[in-house]
Amino acid sequence: MPWLGAEIPEVANKMFGFTAPAGSNASDPLLNTGAVDDFWRLLPRSDPIRAQKRVSDALPDFGIGEDPNVERLRALLLMDRRAQNLTDALLVNYTGRVAQLRSFERRHWQSAGELAHGFGRAYGLILRQLERDMLPRAARDFTPLFLLRLLQHRQVEILMQPFAGGQADSGIWSELHEAYQYAHSQRLLVLSQEIKRFHEATGVDTTIEREYLHLLLLDLMSNGHFSPYEAFWINQWLATSCGHLTLKSVRSPSVPAAGHFIVDLDSSEGLVRVRPAGALRCLFLDPSPLIERIDTGIEARRGGIRVESGPPTTMGQGNSLKVLRKLRSVYSPKPPRIDRRGERKPVALVVQAVVGLSNILRMLHDERRRSQLLDSKVTPEVEEITITVNGTSLDRAVGTGCDDEHTITHTTMAGATVRRLMWEIRDRSESGCGVHGKARTMNSLTPGTLIAMREHEMALWTLVIVRRRGRIVADHLDLGVEYLGKEPKRVIATIVDVAAQPGPAAESRERRLAILFLPESARQPVLPFKTLIVPAGEFEAGRVLTLRAGGARHTLRLKQPIEEQGEFSWMPFEVLERQTLATAA
């Protein structure tokens, strides 16, 4: 099956249209540029993960035990340039937010990280050989490009690391600091070069110093507090936000670092807020220009001004405002003290957990069916919502019986039993709790993941969202989650798409999907109004809806989403008008 699915072959060909049908690989694909061409034509067109494995298999031994000649260096650069399309293919699933492909995301992220690691390792080795004068003189002509590509690949690797389940390479920063110092010694830091970032059609000018700064800031951001959707946005936002930043080198240990970040060039770390004791070779970064840019973006969004900064995504203004507020704290040398909404109290509870919107919807569906089978006298209510796109009306009526015919389940979930994980809650407050469990059951979870939890079979389900991901320690992982609401209800939405032509000849197409309804709650977690949790991209803010329930017709307007993630949007609504059905007719 094509990696993007048979329904969108044109997108697949556009993003990954650089290979031919599968065949056998050349014995040495990096012998010269001709061998690269032969190798590339034989890669599997329809499977980017398999293609990545073959490319990565050609990289591990590059330059080891040999003196790469100029032809082999040219071959590596050509392979790398061709692989930029492959990187786009591996990262398209999340940045494009293609809903049908979310089950493939984790494998694609891991594959993209492995590809970046392989190329980064090869360029790191070449630069060490250049520094020791072990390569032909002609190879020095490629030095600026080698440095630039090393930094680019390490950016992808660091961006993917929190979401691919791997552990950071402890030697990366030592290598990068060495590369920076080599570029400085060769007067290459501010040399302008053209760069093409992933998912960008055209190139832009940059410098080695700017890409090194981008990498430092990206590493500081990748602390487990941002969802993948947010991290992708931040990564591309940083690309346009580092232009006015500079690194200053100060060797004296008595230089104060107040208001600055520090990079110890003799360490294996990136940016830190406190200068290590005894550190002599340090770089200082004043983040004031970046903070000013963040403040400008925050003020513009507060005033309702449409801001086009950042990458072209479907992230709303409200969600980008939240991200910028979090970034301000991350990039402040002295982050503001956060006053928690409630004191954290230690507890020892074991909870059941269901992960992901689709699994939660399936679980609620299964529980209703099980209740019906256990007590045949009880017929559970099924709420059905009908939305007319052109007419902007929404009706909800209460019916009875099972709704199997109205539910569309992702093909990978059909007939599957929803897995319920067992985790431990170690502390909690009014706003959230700390969850602890085996890394193998939590490793795929990232900030922004939706989870339903309850303490026992008779307890109500509580909906939470992952806000913080810790590091794996002794095969265990800690998550910080925030409460969203209690007792989520599954309802069925029937979307009627009316054809554009007017009059009686207009045709309509129906499709149904399940969504979550969260009632208001006066108890923990407090939710003062009703909300909907819907699949990402299905509903728009500002739409006026008419809802029938409880013998009345309610006219509603959807508000700006409270939360937007790759899988779902959390949307409040306001009631514009209420009429009883007798007077509304």
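Per the numbering used here, residue 1 is the first one in the sequence shown, and the count goes up by one each step. Virtual Cβ for every residue (Gly too), placed ideally from N, Cα, C. Computed from a predicted model, the values in this text were never measured in an experiment.
Out of the options, which has the shortest C-alpha to C-alpha gap to residue i?
i	options	result
R440	E455, S46, W423 and V575	W423
E105	D38, L130, T446 and L349	T446
V323	A353, I262 and M221	M221
V347	D366, V355, Q52 and R428	R428
Q352	E430, F284 and V464	V464
Y180	L127, R54, V534 and H225	L127
L30	S46, R45, P48 and R82	R82
K248	L265, K530, L76 and W233	L265
E367	V418, K486 and Y331	V418
D133	P162, E209 and Y182	Y182
G259	Q236, I291, A277 and A279	I291
S431	V526, I472 and H199	V526
L280	I294, V263 and P287	V263
Q524	L516, H476, W461 and F539	W461
Q193	T206, I294 and A536	T206
K196	Q84, P287 and V190	Q84
R469	I234, L373, D286 and N223	N223
D475	H456, R490, E457 and M442	M442
L213	P136, Y331 and H365	Y331
L76	P44, L90, S46 and N32	N32
N235	G203, K486 and H199	H199
So, for residue i: in the same chain, excluding its five sequence neighbours on each side, which residues have a beta-carbon less than 7 Å away from its beta-carbon?
i	result
A459	none
S120	Reading the sequence as shown, one finds Gly at residue 120 and not Ser. Taken in chain order, the residues that qualify are L150, H153, R154 and E157.
R140	L130
A138	V70
E455	L349 and V351
L189	A183, T207, I208 and E209
Decide if residue i is buried, meaning its Cβ has at least 16 other Cβ atoms within 10 Å, or exposed.
i	result
D88	buried
I158	buried
R362	buried
A239	buried
S241	buried
A201	exposed
V481	buried
L576	exposed
H108	buried
I64	exposed
E209	buried
G34	exposed
E211	buried
T449	buried
E586	With the chain running from 1 to 585 in the structure shown, residue 586 is simply not present.
V473	exposed
K438	exposed
S227	buried
S320	buried
I515	buried
P136	exposed
P519	exposed
R578	exposed
When the Cα atoms are used, what is the spatial distance from residue i to residue j?
i	j	result
V544	R553	13 Å
M79	S444	31 Å
P572	P528	10 Å
K334	R273	8 Å
E574	G434	33 Å
P68	E563	51 Å
W570	H225	19 Å
Y483	V466	9 Å
A51	F142	27 Å
P521	T531	Per the sequence presented here, residue 521 reads as Ser, with Pro not at that position. Going by the C-alpha atoms only, they are around 11 Å apart.
Q591	E131	Residue 591 lies beyond the range of the chain shown here (1 to 585); nothing can be said about it.
F261	R187	24 Å
L245	R301	24 Å
S267	R471	21 Å
A277	V250	15 Å
Whose C-beta lies closer than 6 Å to the C-beta of residue i among residues of the same chain, with five residues either side of it excluded?
i	result
V355	I451
W40	R82
H436	E424, R426 and D478
L217	L238
Leaving out five residues before and five after residue i in sequence, what residues of the same chain have Cβ atoms less than 8 Å from its Cβ?
i	result
P60	G118 and R121
R344	D427, R428, S429 and G434
G124	L150, E175 and A179
L90	P48, I49, Q52, H108, W109, S111, A112 and L115
Examine the ligand NAD and report whether any of its heavy atoms sits within less than 7 Å of the Cβ of residue i.
i	result
P136	This structure lacks the ligand NAD; in fact it carries no ligand of any kind.
**OP:** Taking only runs that begin and end inside the region 238–302, name each unbroken beta strand (DSSP E) of 3 or more residues, in chain order.
**Re:** 247–250, 261–264 and 282–285
**OP:** Tell me the start and end of each unbroken beta strand (DSSP E) in the region 176–225 that is at least 3 residues and wholly inside, in chain order.
**Re:** 193–195 and 204–206
Original post:
Could you give the uninterrupted runs of the alpha helix (DSSP H) lying entirely in the region 81–152, keeping only those of 4 residues or more?
Top reply: 105–131
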